[in-house]
Amino acid sequence: MVTAQRKHTASEVVLLAADDLTTAGNLEFSEWDLTVAAWSLDRFRFGLRGYAQSYPDHKRVMMEIMGQKASSPIQQKFFEKIRPNYYRMTPLGRTAATRLRGGGPKPTSKPVTVKELYETASVYVGRPEFRRWQDNPEEPKEWTGAATFLGIGPKDKIDPAERLEEVRHAIRASLDWCNVQEAAFLTRGSGQGGTPIHVRDLSDILDFLQALTYRFPEYLESEEKKGAGKHKKRFSD
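What follows is the structure, encoded as structure tokens:
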């Protein structure tokens, strides 16, 4: 069976346009740069009514990044406003754009349902270590707090770096589902119960995982990076 390629949503096209600008060397870009780049990718969607092939519709593009729309690249922290009318992409945004282009992790053969995504994400969203970090970015100060968040006990023989990547992959998959559905919340499914999880919390968890990686590299760096670091040190000696 041949599966048709999924059509990108409007906000995804805007994200890809921002990625095109960044790849071309425009690490900072104006909203007008973004308008023209998005229009170049999809003239039918972002063209001025009646003149779609000749002129972009600036307001139509801005609809995807202004306000509190859940699918907005700004709300999802894919890019940020650095001064009036100017933006830049975040590392999270570059990663999301890579996945949209087909360069991200390949899906497993086992289908993942929204219920499975919700049940995994809810475990980590509800953990007190994450909630404390949202209130105070200095938390957790000790590795034990990070290990507890990751569900790793003192006697568990679990590679922390692998566990962190498992969590990161699950949260990204949850965000992808929300993006495709243009949903502000991840739920277990209609009538299935459970507290809805806002996309901002999902995005915050990705930031939290990145913070843990920076704070506890001795535990959370992959073996490949650790080996590269040791090699570099020996070479410098």
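Quick note: the sequence shown uses the numbering used here, first residue 1225, plus one each step. Using N, Cα and C, we set each Cβ at its ideal position, and we do this for glycine too.
Selection from the options that minimises the alpha carbon distance to residue i
| i | options | result |
| --- | --- | --- |
| residue 1397 | 1287, 1427, 1280 and 1252 | 1427 |
| residue 1319 | 1434, 1445 and 1359 | 1434 |
| residue 1423 | 1264, 1249, 1290 and 1297 | 1297 |
| residue 1322 | 1302, 1338, 1368 and 1341 | 1302 |
| residue 1287 | 1387, 1402 and 1299 | 1299 |
Whole-angstrom distance between residue j and residue i, CA atom to CA atom
| i | j | result |
| --- | --- | --- |
| residue 1400 | residue 1441 | 27 Å |
| residue 1237 | residue 1432 | 27 Å |
| residue 1241 | residue 1285 | 11 Å |
| residue 1378 | residue 1366 | 14 Å |
| residue 1443 | residue 1381 | 13 Å |
| residue 1493 | residue 1305 | This structure does not reach residue 1493, given that the chain is present from 1225 up to 1461, and the question cannot be answered. |
| residue 1268 | residue 1250 | 25 Å |
| residue 1389 | residue 1374 | 10 Å |
| residue 1430 | residue 1392 | 6 Å |
| residue 1244 | residue 1261 | 8 Å |
| residue 1406 | residue 1324 | 15 Å |
| residue 1343 | residue 1420 | 11 Å |
| residue 1270 | residue 1411 | 31 Å |
| residue 1258 | residue 1281 | 11 Å |
Endpoints, alpha helix (DSSP H) assigned at residue i
| i | result |
| --- | --- |
| residue 1177 | The structure shown does not extend to residue 1177, since the chain spans only 1225 to 1461, so no value can be given for it. |
| residue 1352 | 1352-1359 |
| residue 1366 | Unbroken run through residue 1366: none, as it is neither H nor E. |
| residue 1378 | Where residue 1378 is concerned, there is no enclosing alpha helix (DSSP H), given that its DSSP letter is neither H nor E. |
| residue 1267 | 1267-1270 |
| residue 1442 | 1441-1444 |
Exercise. Along the chain, which unbroken stretches of the beta strand (DSSP E) at least 3 residues long are found entirely within the stretch 1280-1346?
Worked result: 1303-1307 and 1310-1313
For this session: Please determine if the stretch 1253-1264 and the stretch 1299-1314 are in contact, where contact requires at least 3 C-beta pairs separated by less than 8 Å.
Result: yes
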